[in-house]
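These notes concern the structure reproduced below.
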Amino acid sequence: MKLYEIRGAHFHHESQTTRFCLYAPNARNVYLILTTYDPVSFSVVSNQITRQVQSVVHDDNVYIWNDQNWMQKRAQCNPLKLPLSIYEIQPKS
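Quick note: the sequence shown uses the working numbering, first residue 17, plus one each step.
Right, dumping it as structure tokens:
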């Protein structure tokens, strides 16, 4: 299972919508609140140029990846013996 294919924001062509999926097993409620003044709110951009890259949901099927060499090197390593970076998201900060 590739979690990046399941969780996060994903654009769906058929319905022209963005689906948000997350894992919160102990949450009573989860809200996605988007406001026009929120600089981190999401929007789907199709053939647009925008400077607000933090608010763009890209279609993964359109992007052409050029990281084959990196992926091959990654497959040869033991991830349990490598450094790990954890990024904590602080909404509204």
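Quick reminder that beta carbons are idealized off the backbone N, C-alpha and C, glycines included. Bear in mind the structure is a predicted one, so any value in this text is a computation, not a measurement.
Inter-residue Cα distance where the pair is residue i and residue j
{"i": "Arg23", "j": "Asp83", "result": "21 Å"}
{"i": "Met87", "j": "Tyr79", "result": "16 Å"}
{"i": "His74", "j": "His26", "result": "8 Å"}
{"i": "Asn77", "j": "Leu38", "result": "20 Å"}
{"i": "Gln92", "j": "Ser101", "result": "19 Å"}
{"i": "Arg44", "j": "Ile105", "result": "20 Å"}
{"i": "Lys97", "j": "Trp81", "result": "26 Å"}
{"i": "Pro95", "j": "Ser31", "result": "38 Å"}
{"i": "Pro99", "j": "Asn85", "result": "20 Å"}
{"i": "Phe29", "j": "Glu21", "result": "Phe is not the amino acid found at residue 29; the sequence shown has His there. When rounded, the distance between both Cα atoms is 15 Å."}
Contact belief for residue i with residue j at Cβ below 8 Å, rounded distance in angstroms
{"i": "Phe36", "j": "Leu48", "result": "6 Å"}
CB contact below 8 Å: residue i versus chain D
{"i": "Arg35", "result": "This model lacks chain D altogether; it includes just one protein chain."}
Paired residues, beta bridge with residue i - DSSP
{"i": "His28", "result": "Thr33"}
heavy atom of the ligand PLP below 7 Å from residue i C-beta
{"i": "Ile105", "result": "What this structure holds is no ligand at all, so the ligand PLP is not there to describe."}
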